[in-house]
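Input: a single structure, listed below in structure tokens.
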Amino acid sequence: MGFGLAAGWCLLLFASCDSNRIYEQNETIPESGWNTNDVKKFEVEIKDPATPVNFYINIRHADGYPYSNLFLFIKTNLPGGKASVDTLECMLADEKGKWLGSGIGDIYDNQIPFKRNVRFPQAGKYVFEIQQGMRTDGVPLIMDVGLRIEKTE
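Residue 52 in my numbering sits at position 9 of the sequence shown, and the numbers go up by one each step.
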């Protein structure tokens, strides 16, 4: 289920021109489904905490995904040991069942706003942990999940 060489080059081209991006990383979900104990971790080194940023959660799913949404638990571990946990409902389809993300074939990409115009409290290493919060284990047809942090325009 890959994009192919041409699409990969397009993604590389767009990524290289993305001057607002501070961090973006995606993690693959196993084809067997996303289990609740499969926590995806993203380590981010923040050097300039004064810059306001927007956070997004990237979700790639297949057309046969059986739900219109995806609940996530997002734990933020700050330098120094403090942590906070947020619950985020990611709407992947509208009320009529039409997928909201951009699609290529039967694959849909979503960039879900998580937090807007916030500042990091201090410089240092932050660890973000994303866990699926659906009421079923082995959530099918979620292909990738990721974190994007960008400068506020």
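For glycine and all other residues, C-beta sits at the position ideal for the given N, C-alpha and C.
How is residue i classed by DSSP in three states: helix, strand or coil?
i: Thr119; result: strand
i: Gly12; result: Nothing in the structure corresponds to residue 12, since the chain is present only between 44 and 196.
i: Ser75; result: coil
i: Phe46; result: Only weak support exists for where Phe46 lies, its pLDDT of 40 falling under 50; the value from the coordinates is given anyway. Three-state result, Phe46: coil.
i: Val188; result: strand
Buried or exposed: which applies to residue i, given that a residue is buried once 16 or more other Cβ atoms fall within 10 Å of its Cβ?
i: Arg191; result: buried
i: Gly189; result: buried
i: Val82; result: exposed
i: Asn160; result: exposed
i: Gln175; result: buried
i: Arg162; result: exposed
i: Asn80; result: exposed
i: Val96; result: buried
What residue range does the beta strand (DSSP E) around residue i cover?
i: Pro156; result: 150-161
i: Ser127; result: 126-134
i: Ser145; result: 145-147
Is the closest heavy atom of the ligand PLP to the C-beta of residue i under 7 Å?
i: Glu196; result: Annotation note on the ligand PLP: not contained in the displayed structure, which lists no ligands.
What's the gap between the Cα of residue i and the Cα of residue j?
i: Ala136; j: Ser111; result: 5 Å
i: Asp180; j: Asp91; result: 38 Å
i: Asp187; j: Gln165; result: 29 Å
i: Asn101; j: Met134; result: 12 Å
i: Glu138; j: Thr119; result: 31 Å
Which parts of the region 76-101 are runs of the beta strand (DSSP E), unbroken and 3 residues or longer, counting only runs that do not cross its ends?
-> Listed in chain order, they are 83-89.
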